[in-house]
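Chemist: Got a structure for you, written out below as structure tokens; questions coming shortly.
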DNA sequence: AGTCTTTTTTAACATTTGTAAAAGGAATCT
DNA sequence: AGATTCCTTTTACAAATGTTAAAAAAGACT
């Protein structure tokens, strides 16, 4: 990992302060990854062994459902992305990670990270807090999916991520919202 | 906590072995709670400060959406229940926990538990793993909600929890599935 | 500029689910 | 047993979303 990647530790510091030795240990299991637009960062079918921090660019997790490409999530600059249903179980993931722009990531080896947990309780604590926060987001998303109309979810999405529309094809936004492109077009036509 | 409550530590042992001192420390922050059928174990509007283990009986988390009672989740014997969106944030929960049968719980004080994390890294690790598994379940549930029809979700639910139908009013099952009672009735009428 | 491909919108029709009201059943209480 | 309340189903109609196909718009490539 190169020296100007402090954005990662800035991100971590929201959750847990780390002493220099712990930061050093994490740095050693990180690597910089550059991926052009519309390429797979991680293909479907492999066990997730890397947690990515998005330094620049934008990506999505996706999978195929009845032959259709479904976007599960988007990840913007300064956020982490991983396929936790594989990361925490060791089961090969049915999901892939694909860039939507030319992007730069910091990849953190998860087996190496989990080994650091024994040596540095503060690192275990850091990632515990990170995933607890992600868990809370997921719980809240269920409520949003189940009890808001597609139109409400669309409005919420663009309110929370205004540049999504500029940066992501509508077809991915539609599948993320759980509706068809046609249905999204109808919603958009109202305004 | 009384002496025959080893079901809790049996449950924990799936995730993480604990040495006797750690078990002892957890025991000290637990208490037995008996609640009759159809009562609130935890009311809506309070910050979640207790994680419950269901020793006997059955309960649900619920909240009100536009005046309607919505069931977010069910918890059977030998499982944990908490309102994580409050537990991990300190924000008062919009959700309550209600019994559906006469039930017995072990309540674990979460502030006391979080204090134990400093003293016993193995306890922090135990709950890290517990909530990681719960997080994975939640991620998988999103896929189920978004890309299966209500009919598929109903069939999955009764396949995975066959006694749910015997133990829970259909109105709660309907709201859990994200549909109306009428719609659930229509689905059931097909068989 | 022109061609090719991909993305987005529009249209017509089918299906699913919601809403409101009523009726039928089941459980509870005295 | 009778009354009351709650739960579940049924019916009729409305609204939202899906499906399929075609047209329009935008982007990519020579």
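Protein chains in written order, with UniProt numbering: chain G, 1 to 191; chain Z, 1 to 191.
Cβ coordinates follow ideal geometry from the N, Cα and C atoms, glycine included.
In this structure, does DSSP put residue 136 of chain G in helix, strand or coil?
Modeler: In the first chain, the residue the question calls residue 136 of chain G occupies position 136. Three-state result, residue 136 of chain G: helix.
Chemist: Inspect the beta-carbon positions of residue 15 of chain Z and residue 87 of chain Z and report whether they are closer than 7 Å.
Modeler: If you number the second chain from 1, residue 15 of chain Z lands on position 15. If you number the second chain from 1, residue 87 of chain Z lands on position 87. No, the Cβ-Cβ distance between residue 15 of chain Z and residue 87 of chain Z is not below 7 Å.
Chemist: Is it true that the CB of residue 175 of chain Z sits closer than 7 Å to the CB of residue 70 of chain Z?
Modeler: Within the second chain, numbered from 1, the residue matching residue 70 of chain Z stands at position 70. Within the second chain, numbered from 1, the residue matching residue 175 of chain Z stands at position 175. A contact, by the Cβ cut-off of 7 Å.
Chemist: Residue 121 of chain G versus chain Z: which residues are under 8 Å apart at the beta carbon?
Modeler: Position 121 of the first chain, counting from 1, holds the residue named residue 121 of chain G. Those are 121 and 124, listed as they occur along chain Z.
Chemist: Using a Cβ-Cβ cut-off of 8 Å (strictly less than) and excluding sequence neighbours within five positions of residue 164 of chain G, which residues of its own chain qualify?
Modeler: Residue numbering aside, residue 164 of chain G sits at position 164 when the first chain is read from its first letter. 74, 157, 158 and 173, listed in sequence order.
Chemist: State the DSSP-derived secondary structure class of residue 53 of chain G, mapped to helix, strand or coil.
Modeler: As a first step, residue 53 of chain G is located in the first chain; it is residue number 53 there, counting from the start. In this structure, residue 53 of chain G counts as strand in the three-state DSSP scheme.
Chemist: Name the chain Z residues that come within less than 7 Å of residue 132 of chain G, Cβ to Cβ?
Modeler: For this step, residue 132 of chain G is matched to residue 132 along the first chain. Those are 88 and 131, listed as they occur along chain Z.
Chemist: In terms of residues, what are the limits of the alpha helix (DSSP H) holding residue 166 of chain Z?
Modeler: Along the second chain, one-based indexing puts residue 166 of chain Z at 166. 164 to 167 is the extent of the alpha helix (DSSP H) around residue 166 of chain Z.
Chemist: Along the chain, where does the alpha helix (DSSP H) containing residue 174 of chain Z start, and where does it finish?
Modeler: The residue labelled residue 174 of chain Z in the question sits at position 174 within the second chain. Where residue 174 of chain Z is concerned, the enclosing alpha helix (DSSP H) stretches over 170 to 177.
Chemist: Between Z/145, Z/150 and Z/92, which lies nearest to residue 47 of chain Z when the distance is taken from Cα to Cα?
Modeler: Sequence index remark: in the second chain, residue 47 of chain Z carries index 47 (1-based). Among Z/145, Z/150 and Z/92, the Cα nearest to that of residue 47 of chain Z belongs to Z/92.
Chemist: Please give me, in chain order, every unbroken run of the alpha helix (DSSP H) with length at least 4 that falls completely inside the segment 40 to 95 of chain G.
Modeler: Segments of the alpha helix (DSSP H) lying fully in the segment 40 to 95 of chain G: 84 to 87.
Chemist: CA-CA distance, residue 107 of chain Z and residue 18 of chain Z?
Modeler: Mapped onto the second chain, residue 107 of chain Z falls at position 107. Mapped onto the second chain, residue 18 of chain Z falls at position 18. Cα-Cα distance, rounded: 19 Å.
Chemist: What residue range does the alpha helix (DSSP H) around residue 26 of chain G cover?
Modeler: Locating residue 26 of chain G in the first chain gives position 26, where the first residue counts as 1. 20 to 28 is the span of the alpha helix (DSSP H), which, as asked, contains residue 26 of chain G.
Chemist: Can you pull out the residues from the segment 141 to 172 of chain G whose beta carbon lies closer than 7 Å to at least one beta carbon of chain Z?
Modeler: Here the close residues are 141, 142, 145, 146 and 147.
Chemist: Check for me: the alpha helix (DSSP H) holding residue 151 of chain G runs from which residue to which?
Modeler: Within the first chain, the letter at position 151 stands for residue 151 of chain G. Segment 150 to 160, the alpha helix (DSSP H) holding residue 151 of chain G.
Chemist: According to a CB-to-CB cut-off of less than 8 Å, which residues of the segment 71 to 88 of chain Z neighbour chain G?
Modeler: For the segment 71 to 88 of chain Z, which is checked against every Cβ of chain G, the residues closer than 8 Å are 72, 84, 85 and 88.
Chemist: Taking only the alpha-carbon atoms, compute the straight-line gap between residue 113 of chain G and residue 97 of chain G and give it to the nearest angstrom.
Modeler: Here residue 113 of chain G is taken as the residue at index 113 of the first chain, counted from 1. Here residue 97 of chain G is taken as the residue at index 97 of the first chain, counted from 1. Each residue's alpha carbon lies about 20 Å from the other.
Chemist: Applying the 10 Å Cβ sphere with the 16-neighbour rule, what's the burial state of residue 186 of chain G?
Modeler: Counted from its first residue, the first chain places residue 186 of chain G at position 186. Exposed.
Chemist: Residues in the segment 33 to 44 of chain G with C-beta within 9 Å of chain Z's C-beta atoms, listed in sequence order?
Modeler: Per Cβ criterion, the list is empty.
Chemist: Measure how close the beta-carbons of residue 61 of chain G and residue 77 of chain G come, nearest whole angstrom, since I'm counting them as under 8 Å.
Modeler: Numbered from its first residue, the first chain carries residue 61 of chain G at position 61. Numbered from its first residue, the first chain carries residue 77 of chain G at position 77. Actually they do not touch by this definition, with Cβ atoms about 16 Å apart.
Chemist: For residue 17 of chain Z, which residues in chain G fall below 7 Å Cβ to Cβ?
Modeler: If you number the second chain from 1, residue 17 of chain Z lands on position 17. Within 7 Å Cβ-Cβ: nothing; residue 17 of chain Z doesn't reach chain G, min ~14 Å.
Chemist: May I ask which residues mark the beginning and end of the alpha helix (DSSP H) holding residue 12 of chain Z?
Modeler: The sequence position of residue 12 of chain Z within the second chain is 12, counting from 1. First-last of the alpha helix (DSSP H) with residue 12 of chain Z: 6 to 13.
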